[in-house]
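Engineer: Those protein sequence lines, which keep their order, are chains A and B. Residue numbering for the first sequence follows this note's numbering, beginning at 105 and increasing consecutively. Residue numbering for the second sequence follows this note's numbering, beginning at 105 and increasing consecutively. Heads up, the beta-carbon is just placed ideally off N, CA and C, and yes, glycines get one too. Note that the structure is predicted; figures quoted are calculated from it, not measured.
Protein chains: 2
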Amino acid sequence: MTLKEGKERFIQSWGALGSSWGINRTMAQIHALLLIAPESLSAEEIMEELQISRGNANMNIRALIDWGLVYKELKPGERKEFFVAEKDMWEVVKNIIVQRKKRELEPMLRVLDEISSVDPESEEAREFIEIIREIKLFSNKADSTLDTLVKADSNWFVGTFMKMIK
Amino acid sequence: MTLKEGKERFIQSWGALGSSWGINRTMAQIHALLLIAPESLSAEEIMEELQISRGNANMNIRALIDWGLVYKELKPGERKEFFVAEKDMWEVVKNIIVQRKKRELEPMLRVLDEISSVDPESEEAREFIEIIREIKLFSNKADSTLDTLVKADSNWFVGTFMKMIK
DNA sequence: TTGTCGGTTCAGTACTTATTGAAACTTTGC
DNA sequence: GCAAAGTTTCAATAAGTACTGAACCGACAA
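(1) Is S124(A) close to chain B? Criterion is C-beta to C-beta, closer than 9 Å.
(2) Counting pairs of Cβ atoms below 8 Å between the stretch 181 to 197 of chain B and the stretch 220 to 228 of chain B, do you hit three or more?
(3) Would you kindly report the start and end of the unbroken beta strand (DSSP E) that includes K240(A)?
(4) For L121(B) versus M212(A), is the C-beta spacing smaller than 9 Å?
(5) Give the C-beta separation of L209(A) and A246(A) to the nearest angstrom, bearing in mind that I take them to be a contact with Cβ-Cβ under 8 Å.
(6) Does DSSP put L145(B) in a helix, in a strand, or in coil?
(7) According to DSSP, what are the bridge partners of V174(B)?
(8) For M212(B), would you say it is in contact with chain A, using Cβ-to-Cβ distances shorter than 9 Å as the test?
(9) Between S117(B) and chain A, is there a C-beta pair that is closer than 9 Å?
(10) Quick check on the burial criterion: 16 or more other C-beta atoms within 10 angstroms. Buried or exposed for S221(A)?
(11) Relative to chain A, which residues along the stretch 163 to 179 of chain B have a C-beta separation below 8 Å, given in chain order?
(12) Three-state secondary structure (DSSP) at F114(B)?
(13) Whose Cβ in chain A lies nearer than 8 Å to the Cβ of Q215(B)?
(14) Can you list, in chain order, the residues of its chain whose CB lies under 7 Å from that of A136(A), leaving out five sequence neighbours each side?
(15) Between M271(A) and T249(B), what straight-line distance do the alpha-carbon atoms span, to the nearest angstrom?
(16) Output the distance between the C-alpha atoms of K108(A) and F187(A), rounded to the nearest integer angstrom.
(17) Starting from R129(B), trace the alpha helix (DSSP H) both ways and give me its first and last residue.
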């Protein structure tokens, strides 16, 4: 396989993976492109490489920066902005966990709290409250597990974790 | 808050959560509805409750069964099929992990293997191969960690895990 | 002050994905 | 064998999301 083919295949697959992970296809492709780019790239180069419009590139690059998956790099003497990907996979996954936890798990926890206040007037209501209580318990556990996971460092994950859970 | 409001709010939120988790809104809503239903429900009842068409209900129920999140229940003497949700949250999460691993992580591992065969003819190609190697290493670790996690039982997660990683 | 270069925004449009509803199919009872 | 009750399929369509391209903004240099 040639380098060009390999790169294309990678960008393609990373894009597909991303789109089932709350990161849209183009966003993931830009990330893939930057991951395997030997140098930081400008918006123009990204547009060119992926055949996308300026607006699209701009929006997705900024979203990637929001997610903490890409950094802006200002080259001295250059007016253009350049972009580099976070290449440490553990950092990438950690950032995604942090973002999605904030966007999804935490709002859900709030909703679960709210609906716990349903009147336990009927047997059905009491059953409902009980099920919600179980879900809440589980979600809280997941929440704090993820917190701990995110605080842990890369080496810990790569090295120790595997042995601990064996 | 009344029981009715609480239920609606829960179905609503569970639907929203699902849609950022590769489980579409309706599928997640059906799951939510079944989670809090005191009894198993028929397709008709689900259609009625969520105001969706027969076809939609049928397709999403079957998808939920595929994911292992819902079971078919055949009541003796009844010709209709009834459905119940898997209510153990740890089972739910485990099934989602298994499915998504199979659909996303495993294909990605295959792609990474393929593109490792890029000719290391240039310096750039060698750098590419190296980055792919790192991603592959990480993905393999994630893959086996998830395997271990899925084999572990609920109690282990709820009880021991939290202490271990403290 | 004017022109150029890049970045940002956003209304309109293209593309993707989910949903409907009707027809086809299956199972069962008579 | 046929009607009734239920399930499945799928082409057409609706709803939702992403993308484009042009207008706008700000910084800078001439």
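Structural biologist: In terms of the structure at hand:
(1) yes
(2) no
(3) K240(A) -> not in any beta strand (DSSP E); alpha helix (DSSP H) instead, spanning 227 to 255.
(4) yes
(5) 7 Å
(6) strand
(7) A189(B)
(8) yes
(9) yes
(10) exposed
(11) none
(12) helix
(13) Residue identity differs from the one stated: residue 215(B) is Val in this sequence, not Gln. Those are R113, F114, S117, listed as they occur along chain A.
(14) F114, I115, W118, G119
(15) Not covered by the structure: residue 271(A). The range shown for chain A is 105 to 270.
(16) 21 Å
(17) 129 to 140
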